[in-house]
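These notes are about the structure you will find just below.
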Amino acid sequence: MGVLNVTPDSFSDGGRHAGPAAAVEGALRLLADGAEILDIGGESTRPGAQPVDAEAEIARVLPVISAVRAQSAVPISIDTMKPQVARAAVAAGATIWNDVTALRHASDSARLAAELGCEVVLMHMQGEPATMQAAPRYDDVVAEVCAFLAERAEAALAAGVARERIWLDPGIGFGKTLDHNLALLARLDAVCALGFPVLLGASRKRFIAALEPAAQDPRARAPGSIAAALAGAAAGVAAVRVHDVGQTLQALKVWAAVAAAR
Ligand code: HH2
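If you're matching positions, the sequence shown starts at 0 in numbering that gives the first Met the number 0 and goes up one per residue.
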């Protein structure tokens, strides 16, 4: 899954795709690099990011979704917590609702996901984006994230979302310290064992700079991101959400070839 942020302030590519034309160009580049899903977002969720209202978010993402849909049949995912944005995005051709709040932002989110008939990504986050990194706390991060994801999958099923349309995501970096992120990356098999396809989003995240201080610039974090993607592949995740699609794909191809030769 290639990441396309149509925002002025995303932590690693904010401002790069400020207008629809630049964003569509970015999308086509991700596809040329081998992305099999595009994740398009119009609101940054980085710690301390400014919230955006639904109209502004729709104005950012809709022209891009429509233009990509006109040129390609690639599955498009809309990265939003807002039901109004998800509805507009699906009408314009998105088929996956990627919700970092796991359908908790609005009381009618789960019902809408069922009505839209789209796939949904249910991600774990402790707290809210503005303050989530202040003091994350868990007794057992792997058990708590798994219990949360299982509960959110049940809520989606109860609202009428079909089982085969549900993805789970442990939410690397969302209300988690370095140790929490590492514990989750080490036990992705436990998340996969919940019985749903798992999406892993570790690309360019800050924990990489905590391990490699030379990688303060998010664009310098491709090697660390690829290491995390390979950990995901080894555990059986279904997809990795990445900024550096071509490099990640090359690493995954070599990893898969070695695994197949074993
Ligand atoms: N991470 C980000 C945003 N959306 N969605 C899922 N399912 N999983 C993730 O790990 C995830 C996500 C944050 O990364 P990015 O989109 O690059 O930055 P920003 O939120 O600043 O736009």
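Each residue gets a CB set at the ideal place from its N, CA and C atoms; glycine is no exception.
Judged by pairs of C-beta atoms under 8 Å, the region 125-143 does not touch the region 102-115, as fewer than three such pairs exist. Assignment of beta-bridge partners to Val239 by DSSP yields Leu199. When DSSP states are grouped into helix, strand and coil, Ser76 belongs to the strand group. Considered as a whole, the region 108-169 harbours 108-115 and 140-157 as its complete alpha helix (DSSP H) runs of no fewer than 4 residues, in chain order. In summary, Pro82 is buried, with 16 or more beta-carbon neighbours lying within 10 Å of its beta-carbon over all protein chains present.
Residue side-chain check: Leu30 keeps its Cβ at 7 Å or more from all non-hydrogen atoms of the ligand HH2.
DSSP, reduced to helix, strand and coil, places Asp38 within a strand of the structure shown.
Judged by their CB atoms, Asp243 and Leu198 are not nearer to each other than the 8 Å cut-off. Leu111 is not a Cβ neighbour of Arg151, given a cutoff of 8 Å. Distances between the C-beta of Leu148 and the heavy atoms of the ligand HH2 are all 7 Å or more. Secondary-structure assignment with DSSP links Val2 through a beta bridge to Asp38. An exposed status is given to Gly235, since fewer than 16 other beta-carbon atoms sit within 10 Å of its beta-carbon. Assignment of Ile64 by DSSP, reduced to helix, strand and coil, places it in the helix class. The C-alpha of Val5 is placed about 12 Å away from the C-alpha of Leu37. At least one heavy atom of the ligand HH2 is found less than 7 Å from the C-beta of Arg240. In the displayed model, Asp32 falls within coil according to three-state DSSP, outside both helix and strand.
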